[in-house]
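For reference, the structure is listed below as structure tokens.
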Amino acid sequence: MTLDRTTLVGTAPPTAARRQHSVIPGFGLTLGLTLLWLSLIVLIPLAALFVKTAELSLEQIAAILTAQRTLNALKISFGLSLAAAAINLVFGAVIVWALVRYDFPGRRILDGLIDIPFALPTAVAGIALTTLYAENGWIGSLLAPLGIKVAFTPLGILVALVFIGLPFVVRTVQPVLEDLDHELEEAAATLGAGRWTTIRRVVLPAVLPAFLTGFALAFARAVGEYGSVIFIAGNLPNISEIAPLLIVIRLEEFRYADATTIAATMLVASFILLFIINGLQRWSQSRTGRTA
Numbered sequence: 478m479t480l481d482r483t484t485l486v487g488t489a490p491p492t493a494a495r496r497q498h499s500v501i502p503g504f505g506l507t508l509g510l511t512l513l514w515l516s517l518i519v520l521i522p523l524a525a526l527f528v529k530t531a532e533l534s535l536e537q538i539a540a541i542l543t544a545q546r547t548l549n550a551l552k553i554s555f556g557l558s559l560a561a562a563a564i565n566l567v568f569g570a571v572i573v574w575a576l577v578r579y580d581f582p583g584r585r586i587l588d589g590l591i592d593i594p595f596a597l598p599t600a601v602a603g604i605a606l607t608t609l610y611a612e613n614g615w616i617g618s619l620l621a622p623l624g625i626k627v628a629f630t631p632l633g634i635l636v637a638l639v640f641i642g643l644p645f646v647v648r649t650v651q652p653v654l655e656d657l658d659h660e661l662e663e664a665a666a667t668l669g670a671g672r673w674t675t676i677r678r679v680v681l682p683a684v685l686p687a688f689l690t691g692f693a694l695a696f697a698r699a700v701g702e703y704g705s706v707i708f709i710a711g712n713l714p715n716i717s718e719i720a721p722l723l724i725v726i727r728l729e730e731f732r733y734a735d736a737t738t739i740a741a742t743m744l745v746a747s748f749i750l751l752f753i754i755n756g757l758q759r760w761s762q763s764r765t766g767r768t769a
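Residue numbering for the sequence shown follows the working numbering, starting at 478 and increasing by one per position.
So this is what it looks like as structure tokens:
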């Protein structure tokens, strides 16, 4: 009796077949290392933050969060972060469109400049922006006669947050727009669609999930920004003081309960906003059938 390869494979035990078709060798080991690393780096520190906050009573937590200085710091951080992410969404789209759809001298240089906020230390960025936008700076001196003061005001915070958040939008949307088939736009034009109709019906549905992802990343980055902001903000309580700075101040004052409560509140609020944005992204993907 002769047995060929097909007969041997067909009579193999189910467990052997599953072992043979394992996609990732050593899955149990890699999964264990992944969970261990995430626990040490992310889960345990966050759990410690909530455990420390849980030691306080609800009245104490409410008193800390309803303090005028805390409310103003949270309002400045989240409000200006949302505004900066929205600005980056608009101008990031313009930059991506120019980089992807047009070929012009210096295009690669401009493309490389987008990544500067990634590599530049945040303190250096803050000092550079303060020098430029101070009343005697190159840009600030031009805005001063118009009555516009940027450095040491909430407007300066917005400028810093836009600076550090722009690459997240550009680098998220750029590969999606590059992969978009030009034939779809040509077909729309052939059928009589105008430019704005093509953008609204063809281009925008394809890149919308990427836009939402870039917006979420820019917002999350801006909420936790510290180094580039404290130099240009002025750090005036109730005026230009961000929540991360208030946390540091409370730690320096040995008011650890206040610091952990504010930090936990920022974390929960950030998670809620990110869940909302991710829900919008999934809704968009379900409508378009595309993923970012």
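Cβ atoms here follow ideal geometry from the backbone N, Cα and C, with glycine treated the same way.
Query: Report the three-state DSSP secondary structure of Thr667 (helix, strand or coil).; Result: helix
Query: Determine whether the beta carbon atoms of Leu757 and Leu689 lie at a separation below 8 Å.; Result: yes
Query: Quick check on DSSP: helix, strand or coil for Leu566?; Result: helix
Query: Cα-Cα, which of Tyr733, Ile754, Ser747 and Thr547 is closest to Ala525?; Result: Tyr733
Query: I'd like to know whether the C-beta atoms of Ala710 and Gly633 end up nearer to each other than 8 Å.; Result: yes
Query: Below 7 Å CB to CB, which residues in the same chain sit around Gly569 once its five sequence neighbours on both sides are set aside?; Result: Leu643, Val646, Val647, Val650 and Gly691
Query: Quick one: give me the first and last residue of the alpha helix (DSSP H) that Pro644 is part of.; Result: Pro631 to Asp656
Query: Say whether the segment 739-754 touches the segment 587-604, bearing in mind that this needs 3 or more beta-carbon pairs closer than 8 Å, one atom from each stretch.; Result: no
Query: Which runs of the beta strand (DSSP E), 3 residues or longer, sit entirely within the segment 659-720?; Result: none
Query: How would you label Leu485, buried or exposed, when you count the other beta carbons within 10 angstroms and need 16 or more for buried?; Result: The predicted position of Leu485 is uncertain, since its pLDDT is 45 and thus under 50; no value can be drawn from it.
Query: Determine the extent of the alpha helix (DSSP H) in which Leu513 is found, giving its start and end residues.; Result: Phe504 to Leu515
Query: Roughly how many whole angstroms lie between the Cα atoms of Phe595 and Gly505?; Result: 34 Å
Query: Mind checking whether Leu606 and Ala637 have CB atoms under 8 Å apart?; Result: yes
Query: Taking the alpha-carbon positions, what's the Ala683 to Leu576 distance?; Result: 18 Å
Query: Identify every run of the alpha helix (DSSP H) within the segment 544-630, keeping only runs that are complete inside it and at least 4 residues long; order them along the chain.; Result: 545-578, 584-590, 593-596, 599-610 and 617-620
Query: Suppose contacts are defined by Cβ-Cβ distances below 8 Å. Is Thr737 in contact with Lys529 by that definition?; Result: yes
Query: Just mark Gly617 as buried or exposed, buried being the case when its beta carbon has 16 or more other beta carbons within 10 Å.; Result: buried
Query: Compute the Euclidean distance between the alpha carbons of Leu597 and Ser705, then round it to the nearest angstrom.; Result: 10 Å
Query: Looking at the secondary structure, which residues open and close the alpha helix (DSSP H) in which Ile538 lies?; Result: Leu535 to Leu542
Query: Measuring CB to CB, does Thr630 end up less than 8 Å from Ser558?; Result: no
Query: Measuring straight from C-alpha to C-alpha, what distance separates Ile553 and Ile726?; Result: 16 Å
Query: Ends of the alpha helix (DSSP H) at Leu523?; Result: Ile521 to Ala531
Query: Take Val627 and list the residues in its own chain whose beta-carbon comes closer than 7 Å to its own, dropping the five residues that flank it on each side.; Result: Tyr610, Gly617, Leu620, Gly633 and Val636
Query: Mind checking Phe555: buried by the 16 CB within 10 Å criterion, or exposed?; Result: buried
Query: Quick one: grab the DSSP three-state call for Thr479.; Result: Only weak support exists for where Thr479 lies, its pLDDT of 49 falling under 50; the value from the coordinates is given anyway. Thr479: coil per DSSP, three-state reduction.
Query: With distances taken Cα to Cα, identify the nearest neighbour of Trp760 among Leu512, Ser534 and Ala687.; Result: Ala687
Query: Kindly list the residues whose CB is nearer than 8 Å to the CB of Ile749, restricted to its own chain and excluding five residues on each side of it in sequence; keep chain order.; Result: none
Query: Do you know how far the Cα of Asp735 is from the Cα of Gln537?; Result: 9 Å
Query: In whole angstroms, what is the alpha-carbon distance linking Ala745 and Phe527?; Result: Strictly speaking, residue 745 in this sequence is Val, with Ala absent from that position. About 10 Å.
Query: For Ala695, count neighbouring C-beta atoms within 10 Å of its own C-beta (all shown protein chains included) and say buried if the count is 16 or more, exposed if not.; Result: buried
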